[in-house]
Amino acid sequence: MATAGGSEGREPGCEPGCELGHEQGCQHYRRGCRLRAPCCGKLYPCRLCHDGAEEHQLDRFRVSEVQCIRCRLLQKAQQRCEGCDSLFGEYYCDICHLFDRDKKQYHCQECGICRIGPKEDFFHCSKCNLCLSLSLQGKHKCIENVSRQDCPICLEDIHTSRVGAHVLPCGHLLHRTCYDEMLKEGYRCPLCMHSALDMTRYWRQLDAEVAQTPMPTEYQNVMVEILCNDCSARSTVQFHLLGMKCQSCDSYNTAQDGRCRLSLQEQ
1295 MATAGGSEGR EPGCEPGCEL GHEQGCQHYR RGCRLRAPCC GKLYPCRLCH
1345 DGAEEHQLDR FRVSEVQCIR CRLLQKAQQR CEGCDSLFGE YYCDICHLFD
1395 RDKKQYHCQE CGICRIGPKE DFFHCSKCNL CLSLSLQGKH KCIENVSRQD
1445 CPICLEDIHT SRVGAHVLPC GHLLHRTCYD EMLKEGYRCP LCMHSALDMT
1495 RYWRQLDAEV AQTPMPTEYQ NVMVEILCND CSARSTVQFH LLGMKCQSCD
1545 SYNTAQDGRC RLSLQEQ
């Protein structure tokens, strides 16, 4: 699967032997402290809890104080409590001020935020401006700053999302969950209409169906001009209700151009 690194991430619970108790943290993170919001001074388990309750957003990079859940001591942001030595997070980033279970997170300087690792399984694409799976290195289509675009399905941010991104063959990104939902309804990128997965097997099945389904007499000699959504080539092909195949790449992901409608007998 073509994937991009997700931001931070959620763990549903603690494992036996973990220093963080089950009662600590929130639905988003397992941690032993609350953040003091630099914007309003209020204490929240995490920035997402803050943003859901307030009419403004917490700037994670400006957090400087935390409160220990166990002893209630307010102190500078750090990994362990200076009062009772409680562990605030198995993973702690002193840039993003992220406290959480250890899920192989790493801070990407180029992305500017923490990602779910392990780090050695990802690389940062400077043109796309995000971390991608090593399986995509040299094998994906780059689009300048593509991660700074919102998901075209849910219209929410992709770059800082805690839901991983799926990289389409055309280079566009969707949240992985949005991609899975999209495939229930169709197969094309919602931005450029390029096929979102390898359709070769289906195209060959469609070849057989077209061959076995003759058109009514009045349509048998009608030619139309089509535009391929996969390779952008134009072709003049015989009209068929089941689909019209690109003469350049054999894709049926085509659209009738409408500029030409000729009979074979008239050519």
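Residue 1470 in this note's numbering sits at position 176 of the sequence shown, with consecutive numbering throughout.
Cβ coordinates follow ideal geometry from the N, Cα and C atoms, glycine included.
Cβ shell of residue 1487 (< 6 Å), same chain only, five flanking positions each side left out: 1523
Per DSSP, cross-strand counterpart(s) of residue 1327: 1362
Contact under 7 Å by Cβ, residue 1361 with residue 1328: yes
Rounded straight-line distance, which links the Cα of residue 1384 to that of residue 1317: Residue placement at residue 1317 is poorly supported in this model, since its pLDDT is 49, which falls under 50; the coordinates still yield a value, given next. So the two alpha carbons sit approximately 16 Å from each other.
Nearest residue (CA-CA) to residue 1426, options 1447, 1402, 1502 and 1443: 1402
Residue of 1502, 1532 and 1340 minimising C-alpha distance to residue 1510: 1532
Nearest to residue 1391 (by Cα), restricted to the options 1374, 1379, 1412 and 1404: 1374
Residue from 1423, 1414 and 1415 with nearest C-alpha to residue 1407: 1423
Beta-carbon proximity check, residue 1494 vs residue 1520, cutoff 7 Å: no
Residue 1380 (DSSP reduced to helix, strand or coil): coil
Sequence-distant residues of the same chain with beta carbon closer than 6 Å to residue 1315, five excluded per side: Any reading at residue 1315 needs caution, since the residue's pLDDT is 42, under 50, leaving its predicted position unreliable; the model's value is listed next. Here the set comprises nothing.
Within 7 Å, strictly: CB atoms of residue 1527 and residue 1542: yes
Start-to-end residues for the alpha helix (DSSP H) that takes in residue 1344: 1341-1347
Bounding residues of the alpha helix (DSSP H) (the contiguous stretch that carries residue 1527): Neither: residue 1527 is in no alpha helix (DSSP H) and is coded neither H nor E.
Status (buried if at least 16 other CB within 10 Å, exposed otherwise) for residue 1529: buried
Beta-carbon proximity check, residue 1412 vs residue 1397, cutoff 7 Å: no
Where residue 1392 sits in the DSSP three-state scheme: strand
Inter-residue spacing [alpha-carbon to alpha-carbon] between residue 1378 and residue 1370: 14 Å
Three-state secondary structure assigned by DSSP to residue 1542: coil
Expected contact under 8 Å - CB spacing of residue 1394 and residue 1470 to nearest Å: The pair is not a contact, with the Cβ atoms about 20 Å apart (cut-off 8 Å).
Boundaries (first-last residue) of the beta strand (DSSP E) holding residue 1399: 1399-1402
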